[in-house]
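Visitor: Residue numbers (this note's numbering): 5 to 126. This is the structure I want to talk about, given as structure tokens.
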């Protein structure tokens, strides 16, 4: 195969932002006009998806979480993080694990006991 290609970079150093209806900056604008394809870590969003064709993502290197911002801050906002059964499960699992730790470690010497004996000796 005898294929010629040029590697070019967008003059504005952007991935692509829509400035007016149908006009794009950066890589997206180049793919619409002067370039045949773009290779980069370009995020897929709805507006870009309407204008250019994306290939199937071949790698994913970061994990992203998104949550809806609350309209106003409340004092019980942290309690609304998860539902009631999850809070109950969390509470009982902590209660069970501490009870099990006390049962398993009941006859062993603690650091406080060893330290107290050490202090009494001197």
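Glycine included, each C-beta is placed from N, C-alpha and C at the ideal position.
For the segment 55-63 against the segment 85-97, are there 3 or more C-beta pairs whose distance is under 8 Å?
Guide: Flag = no, the segment 55-63 and the segment 85-97 do not touch.
Visitor: By the three-class DSSP mapping on this structure, what secondary structure does residue 23 have?
Guide: The answer is strand: DSSP assigns residue 23 an E or B state.
Visitor: So the alpha helix (DSSP H) residue 100 belongs to, where does it begin and stop?
Guide: Start and end: 88-108.
Visitor: Measure how close the beta-carbons of residue 33 and residue 20 come, nearest whole angstrom, since I'm counting them as under 8 Å.
Guide: Their Cβ separation, rounded to whole angstroms, is 6 Å, which keeps residue 33 and residue 20 in contact under 8 Å.
Visitor: How is the alpha helix (DSSP H) around residue 5 delimited, first residue to last?
Guide: Unbroken run through residue 5: none, as it is neither H nor E.
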